[in-house]
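*Asks:* Quick one: the structure is below, questions incoming.
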Amino acid sequence: MKPWFKPMIVWLIPLAICLPFIPLVLWSLSDRWFYPALGPQTWGLRAWLYVFGSAGAQIIASLLQSILVATITAFTSVIIGTPAGRALGLYDFKGKDFISLLFMLPVIVPPLCVAMGLHLWFIRLSLAETYVGVILVHLTFCLPYSIFVMWGVFSNYNPDYEHQARSLGASSGQIVLKIILPFTMPGLIVAGLFSFLLSWSQYLSTLIIGGGRVTTLPIMLFALMASGDRPVAGAVSIIFVLPALIVLLFSARYLGGRSVVGVR
Amino acid sequence: MAKKRSSIIICIMILTILITGILGLARFGAAKEPTWPDILQNAKGQTVDWFMWGGFPHTNNFVNDYVAPRVYDLYAIRLRQVPVKDISEVVSKLLVEKQAGKNKNGKIDLMWINGENFRTAKKNNLLYGPFADLLPNQKLVNWNLASVRNDFGEPVEGMESPWGSAQVVMIYDTVRIPSPPQTMQALIKWIRTHPGRFTYPAPPDFTGSVFVRHIFYHVDGNADFWQQQYDENRFTESAHKTYQLLKELAPFLWRRGTTYPESPSRLAHLFADGEIDFAISYHPAEASKAINDGLYPNSVRTFVFKEGTIANTHFVAIPFNASDTEGAMVIANFLLSPEAQFKKADPQIWGDFPAIDPNRLDADWKQQFERLDRGVATLPEHILQKHQLPEPPSHILIQLEKGWEKHVLKKR
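These protein sequences, in sequence, are chains C and R. Here the working numbering is used: the first residue of the first sequence is 3, the next is one more, and so on. Here the working numbering is used: the first residue of the second sequence is -13, the next is one more, and so on.
Here is the structure:
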């Protein structure tokens, strides 16, 4: 490998991630920008004044709700997904294929059907229009991902380490903390990250189950993103993507070095 | 994707209709007619959740910065806007709530609705009941207008209250096209002589669909015919001619008609970027607004066809299980007040056309409406009103949308 190859890749990847944001930033700061000009002809803060001015209180409130819902969903998804992934990865049992298909179902069935079908039950169970209900419906979409990520992690995981630790007198708690957690940490982070981002971008299920009482960021912003007002759409997209990007960069730190594959 | 989703919604609707039909319907109402002072009294302290399309910053500002503080000051009602991408999602939600027997304490108190969604809601008993006649400001509305009395051919019957009106206009840039074609006939000719410079959004998009209805009226020759009656043979013939004409035009469209923009905002972008020479809008003041916001150059203007363009009215409705019905009625009434209608018509605020008839106002307000500067690219109201065509009933609309997809898009 040529000596310049690795640094080039290291720089190309973040560049590829950042490039699409440049037009967003330009649009959000433009006042007039007509074809065929390469950049905005006049600059202005109209879009940002809208986002932070009249819509500001709504957007900040929904930002907090989004963070709350996505964080709880991500943690719950990993906590439920890990034992399932471990069972699928380490053991062979009757009906394994059928069960894994069941786990995949929420991804295969169109989200609108899942959300509307669950809505009926959630109304009967008084879960509709509650945070618990919204987190539960997000979990139906997140769980398949965290289960399948953890399945992959555990199929490359050697449980002999646990046996060794136990024979040396470690308690179950110590095994979890000192063996399982360190070995599966990158996988856990990936599963959590997937779940967080999926929950972060849920629109339809939040609208139907949350019913306007739970107003996450997508509820506030998606209508504006599709509107014809490019500066506002640009500003709003940045507001939407930025927190998710921060979470991604933060967790990327843990993904380097040891890969998701785990240790044999 | 949108196609798939809509077919799913239709399936669910049919199921719901069957199930609700079997279970039998508990109709709302029956209680004695409340009086307006009672309603005002009960509305005090209520929080009204208004579900509405939230894709237009100016509409959002009008609701959050003007209506909300005003109704709080005047009536002690808190107004909470819930912006949605498409109100049909909210109608689907109501369908499920109906099915689950959730007949009270619903979260939706008021929704911005018209056309197909109103029809679906009305047919499935998703609406609170006739309330429009209770509102004092209803006297300012001209209910004799076909586009107010019938919402896309569906009798309103007081189930929703109007709050604005709209009419299709063609948008062009005087620098590029000094004298635009004034009739549909001339536009068709223009398209043939200027290949690649025209297109329309693909139905079932709202704006694309209304353009197809203009073509339908053009080949049929009589827009008013469809208001009172339905003639199967005549429809089949005119619809066939519509598809035939659009198929012939396709090679002269943007990208030779192999693809169509998916929304009016995409169409507006193509127009602003100079890829096409006309945009179509269902909002007469949109071009002025876009000039103000720097989205269109100052030389942009609008026109309507000599034979007229399609107009409609948009409404607010209250769902069957709304928790704060009185508050919702007070807001519906406030939206019809001369004050709110005037504010809404100001192009600096929004520029939406009034739902009330200025002739029914006192001299003072009437003069204010007449003096209002509607923006440089907006046609004067008397010109718009002289060139109005009614929307056909929504079953015609749906058939044309399906036919367009089959014959024009897929060329069968």
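Heads up, the beta-carbon is just placed ideally off N, CA and C, and yes, glycines get one too.
1) According to DSSP, Met97 of chain R sits in a beta bridge with which residue or residues?
2) Taking only beta-carbon positions, decide if Asp162 of chain C is within less than 8 Å of chain R.
3) When the cut-off is 8 Å and only beta carbons count, does Asp119 of chain R lie next to chain C?
4) Along chain R, in chain order, which residues have C-beta atoms closer than 8 Å to that of Arg48 of chain C?
5) Could you tell me whether the Cβ of Ala195 of chain R comes closer than 8 Å to any Cβ of chain C?
6) Determine, for Ser229 of chain C, whether the minimum Cβ-Cβ distance to residues of chain R falls below 8 Å.
7) Roughly how many angstroms lie between the CA atoms of Gly260 of chain R and Trp240 of chain R, to the nearest whole one?
8) Is it the case that the region 20 to 30 of chain R contacts the region 312 to 328 of chain R, given that we only count it when at least three CB pairs across the two stretches are under 8 Å?
9) Does the CB of Ser169 of chain C have a neighbour CB from chain R at under 8 Å?
10) Tell me the rounded alpha-carbon separation between Ile2 of chain C and Asp72 of chain R.
11) With respect to the alpha helix (DSSP H) encompassing Tyr61 of chain R, which residues constitute its N-terminal and C-terminal limits?
12) How many Å lie between Glu131 of chain C and Val216 of chain C at the Cα?
13) Hey, Trp39 of chain R and Val70 of chain R are a contact pair by Cβ (cut 8 Å); roughly how many whole angstroms apart?
14) Contact defined as beta carbons within less than 8 Å: I believe Ser68 of chain C pairs with Thr218 of chain C. What is the distance between those atoms, to the nearest angstrom?
15) Let me check understanding here. Comparing Cα to Cα, which of R:Asn111, R:Gln327, R:Pro366 and R:Asn103 lies closest to Val53 of chain R?
16) For the candidate residues R:Pro283, R:Asp332 and R:Phe138, whose alpha-carbon lies nearest to that of Gln43 of chain C?
17) Which term fits Arg48 of chain C, buried or exposed, when burial requires 16 or more other beta carbons within 10 angstroms of its beta carbon?
18) Using the beta-carbon of each residue, which ones in chain B are nearer than 8 Å to Thr217 of chain C?
19) Anyone know if the C-beta pair for Trp351 of chain R and Phe48 of chain R falls short of 8 Å?
20) Figure out for me which residue from R:Ser133, R:Val82 and R:Asn100 has the closest Cα to the Cα of Phe124 of chain C.
21) Assuming Glu377 of chain R and Gly139 of chain R make a contact with CB atoms under 8 Å, what is their CB distance in whole Å?
22) Pull out every residue of the region 45 to 67 of chain R whose Cβ sits closer than 9 Å to any Cβ of chain C, in chain order.
23) Exposed or buried, Gln85 of chain R, counting other C-beta atoms within 10 Å across all chains shown (16 or more means buried)?
24) Checking the sheet assignment: what are the DSSP bridge partners for Glu146 of chain R?
25) By alpha-carbon positions, which one of R:Gln374, R:Lys330 and R:Gln385 ends up nearest to Asp359 of chain R?
26) Using a Cβ-Cβ distance under 8 Å, would Ser64 of chain C count as near chain R?
27) Sort out for me which residues DSSP pairs Gln67 of chain R with in a bridge.
28) Which residues in the same chain have their Cβ closer than 7 Å to the Cβ of Lys88 of chain R, if we skip the five residues on either side of it in sequence?
*Replies:* Concretely, from the data shown:
1) R:Phe37 and R:Ala303
2) no
3) no
4) Asp279 and Gly280
5) Just to set this straight, residue 195 of chain R is Ser in the shown sequence, not Ala. Output row for Ser195 of chain R: interface = no.
6) yes
7) 12 Å
8) yes
9) no
10) In this structure chain C extends from 3 to 266, so residue 2 of chain C is not present and cannot be described.
11) Ala54 to Tyr61
12) 7 Å
13) 6 Å
14) 4 Å
15) R:Gln327
16) R:Pro283
17) buried
18) No chain B appears in this structure, whose protein chains are C and R.
19) no
20) R:Val82
21) 7 Å
22) Asn46, Asn47, Asn50, Asp51, Arg66 and Gln67
23) buried
24) R:Ala303
25) R:Lys330
26) no
27) R:Trp36
28) Asn307
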